[in-house]
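The next block holds one structure in the form of structure tokens; read it before the comments.
Written out as structure tokens, the structure is:
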């Protein structure tokens with residue numbers, strides 16, 4: 001069995017810097033981590049390898065420094081890491097990103113064996129779109145299972161998978177055919193600590209580094225900023241509310257009573273409603 | 001590199017000179033995807049109808065509802081209801097294969113009607129269903145999709161300006177899809193206000209076939225396990241919400257938030273760092289990546305008020321902030337603020353509310 005996990009290196013902190021002309025994020029100087037949601041995808045892949053054997057390949061697209069996140073992934077015990085890096089990929093929105101990742105996944109399939117499952121996290125913490133997983137699936141013609149909390153069964157003979165998918169108001173138990181793309185829900189598992197052997201291997205392992213050309217990307221014009229249908233035109237902080245907050249003076253009467261007086265002064269009907277709510281509780 | 005110059009203010013197609021390709025010029029009208037599961041329309045669909053109405057009026061075009069669902073009453077009812085929330089017409093793909101959400105069938109249904117009837121704007125709710133579907137449809141159509149918008153507007157030239165938090169919710173950005181159609185966007189539940197329902201007779205309904213048989217759909221639904229009622233948090237739709245942040249200092253102190261919530265009959269939540277630290281479960285997170293709330297009263301205790309939190313609470317009628325730092329950003333958007341330590345202040349506030357709201361104290365006042 002061959003599993004591919006797509007991960008993304010993301011800024012670790014709330015520190016942000018924005019390029020004043022291009023309005024794109026400036027990543028220099030901000031500590032980076034593996035997107036936390038991707039750790040659930042990594043563990044899901046490793047757990048399946050524990051049960052069924054095979055190999056796990058991790059793929060990321062990013063600047064050369066994204067190698068760090070691949071080395072980190074190797075410490076968990078994955079078998080192979082592929083870094084897709086090329087200046088043509090810079091500034092990609094989700095559509096351009098899935099174009100490049102889909103090409104790389106095809107190339108990984110040709111080079112190391114076709115994948116049975118492609119995993120991603122449910123979304124990233126920097127982009128928060130949740131669009132890349134479904135986009136990869138569509139481009140590769142894979143069936144997709146998003147927001148998966150649990151993989152119930154995997155039948156490699158029959159080429160089927162059954163999984164529990166979080167939906168509004170409940171859980172859908174879905175069965176579909178392999179190969180497929182799975183986006184893992186948060187808190188669905190806990191990433192393992194790799195062993196010493198994995199740590200040593202991670203430090204020494206050779207990372208497969210592919211440019212757009214190496215990955216067989218057919219049309220550079222569909223990559224990066226050029227290949228992105230969406231255009232970020234303005235980046236800004238929201239203005240403060242026009243009316244300043246009324247600050248409660250904490251000298252004088254007990255501050256709790258003063259605050260409550262302010263609240264009910266501003267929203268006179270609230271007191272009766274709260275009393276009704278409090279009684280009903 | 002050229003000399004750094006001040007970027008000119010965007011004007012006309014957000015300052016790009018590119019002309020919309022000829023084959024996209026026939027794309028017109030604003031569409032809202034009406035999401036229904038197990039016979040229930042998700043309220044976010046009507047919230048979007050309110051936002052879509054404003055865009056359509058500004059563009060002087062029609063607002064259409066798109067209903068995808070099973071044959072019969074459920075889909076008919078959803079379409080009829082859409083007119084009461086402002087739709088001018090409805091497109092309906094009704095087929096029993098669409099009774100439950102499956103990506104393959106819904107993607108085909110929505111992609112087909114977009115390609116046939118060509119809307120310029122397509123809005124969906126950013127729910128698990130809407131996000132699953134929007135990502136597939138946008139990739140199939142090779143168009144732009146802007147997720148989790150907090151504001152939608154049209155520029156004078158008719159382009160959709162979709163504003164959303166960015167960089168982990170530290171800033172807002174406005175995104176355009178200038179040269180592709182439709183311009184797609186998702187909006188999370190409760191971000192847009194619920195428009196008033198006005199009883200109206202249904203207008204024009206356009207039906208469209210799905211064109212699939214069950215054997216064409218690979219994915220099968222084995223079961224649906226509904227959430228237990230006790231597991232459901234009504235946070236997004238609560239009238240009163242109390243939330244805590246890092247200012248609480250320790251996971252034990254989060255009970256101070258729950259105690260105040262109990263006295264107020266309120267629901268409770270928290271800011272993102274508390275979920276990241278594992279103090280509170282993620283279903284209680286308020287903000288861009290958590291729940292968006294629109295309560296009558298929101299009390300934020302020890303929350304600094306990062307933008308990603310602000311976008312989740314901006315719709316509250318009255319925001320009360322308790323924070324030790326008088327320069328905390330939360331005081332920029334709170335209505336009432338108090339500079340004090342939430343850990344010491346919350347028990348006093350809980351007691352004061354209890355005294356004021358308990359039936360006994362009211363009886364005393366009355367007698």
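Protein chains in written order, with full-length UniProt numbering: chain A, 1 to 281; chain B, 1 to 367. Just so it is clear, CB atoms sit at the ideal spot from N, CA and C, and this is done for glycine as well. Computed from a prediction, not measured in an experiment: that's the story for all the values here.
Uninterrupted alpha helix (DSSP H) stretches at least 4 residues long and entirely within the segment 294-325 of chain B occur at 307-313, given in chain order.
Chain-ordered, the chain A residues with CB closer than 7 Å to the CB of residue 226 (chain B) read 169, 170. Residue pairing by DSSP places residue 164 (chain A) opposite A:150, A:173 in a beta bridge. Within the segment 30-45 of chain A, no residue has its Cβ closer than 7 Å to any Cβ of chain B. Taking C-beta separations shorter than 8 Å and ignoring five residues to either side along the sequence, the partners of residue 107 (chain B) in its chain run 133, 136, 137, 140, following chain order. Inclusion of residue 342 (chain B) and residue 287 (chain B) in the CB contact set at 8 Å is not warranted, their separation being larger than that value. The bridge partners DSSP lists for residue 64 (chain B) are B:31, B:89. Burial state of residue 126 (chain A) is buried, judged by a 10 Å Cβ sphere holding 16 or more other Cβ atoms. In this model, residue 124 (chain A) and residue 357 (chain B) are separated by some 44 Å (Cα to Cα). For the 8 Å CB-CB criterion, residue 270 (chain B) and residue 244 (chain B) form a contact.
Scanning chain B for C-beta atoms nearer than 7 Å to the C-beta of residue 266 (chain A) yields 318, 335, 336, reported in chain order.
Put simply, the CB of residue 36 (chain B) is far from chain A, with every gap to its CB atoms at 8 Å or more.
If one requires a minimum length of 4 residues, the alpha helix (DSSP H) runs lying completely within the segment 99-153 of chain A are 132-140, in chain order. Using a CB distance cut-off of 8 Å, residue 157 (chain A) does not count as an interface residue toward chain B. Taking each of A:102, A:129, A:173, A:122 in turn and checking the Cα distance to residue 141 (chain A), the smallest one comes out for A:102. In this structure residue 41 (chain A) does not touch residue 223 (chain A) by the C-beta definition: roughly 24 Å separates them, more than the 8 Å allowed.
Here the C-alpha atom of residue 215 (chain B) lies approximately 12 Å from the C-alpha atom of residue 104 (chain B). Look at residue 253 (chain A): its C-beta is not under 8 Å from any C-beta on chain B. Within chain B, the residues whose beta carbon sits less than 8 Å from that of residue 162 (chain A) are 222, listed in sequence order.
Taking every protein chain shown into account, the CB of residue 236 (chain A) has fewer than 16 other CB atoms within 10 angstroms, so this residue is exposed.
Taking 8 Å as the cut-off, the Cβ atoms of residue 175 (chain B) and residue 31 (chain B) do not count as close. When 8 Å is used as the limit between beta carbons, residue 250 (chain A) is near these residues of chain B: 338, 339, 340, in chain order. In chain order, 350 place their CB closer than 7 Å to the CB of residue 259 (chain B), counting only its own chain and leaving out the 5 sequence neighbours on each side. Counting only residues of its own chain and dropping the five nearest sequence neighbours on each side, residue 173 (chain A) has a CB closer than 6 Å to the CB of 164. A straight-line Cα-Cα distance of about 11 Å links residue 3 (chain A) and residue 178 (chain A).
Segment contact: the segment 40-55 of chain B against the segment 162-169 of chain B, fewer than three CB-CB distances shorter than 8 Å; contact not assigned.
Where residue 109 (chain B) is concerned, the enclosing alpha helix (DSSP H) starts and stops at 103-117. Linking residue 262 (chain A) to residue 5 (chain A) through their CA atoms gives a straight-line distance of about 53 Å. Pairing residue 196 (chain A) with residue 78 (chain A), the inter-Cα distance amounts to about 13 Å.
Look at the segment 287-300 of chain B: the residues with a C-beta under 9 Å from a C-beta of chain A are 288, 289, 296, 297, 299. Between residue 56 (chain A) and residue 35 (chain A), the beta carbon gap of about 17 Å keeps them out of contact (Cβ cut-off 8 Å).
Annotated as proximal: residue 96 (chain A) and residue 227 (chain A), with beta-carbon spacing under 8 Å.
Within the same chain, Cβ atoms closer than 6 Å to the Cβ of residue 261 (chain B) are found at 242, 268, the five residues on either side in sequence being excluded. The beta carbon of residue 166 (chain A) sits closer than 7 Å to the beta carbons of 147, 149, 185 from its chain, once the five residues preceding and following it are set aside; these are given in chain order.
DSSP places residue 200 (chain A) in the helix class (H, G or I) of the three-state scheme. DSSP places residue 344 (chain B) in the uninterrupted alpha helix (DSSP H) bounded by 342-357.
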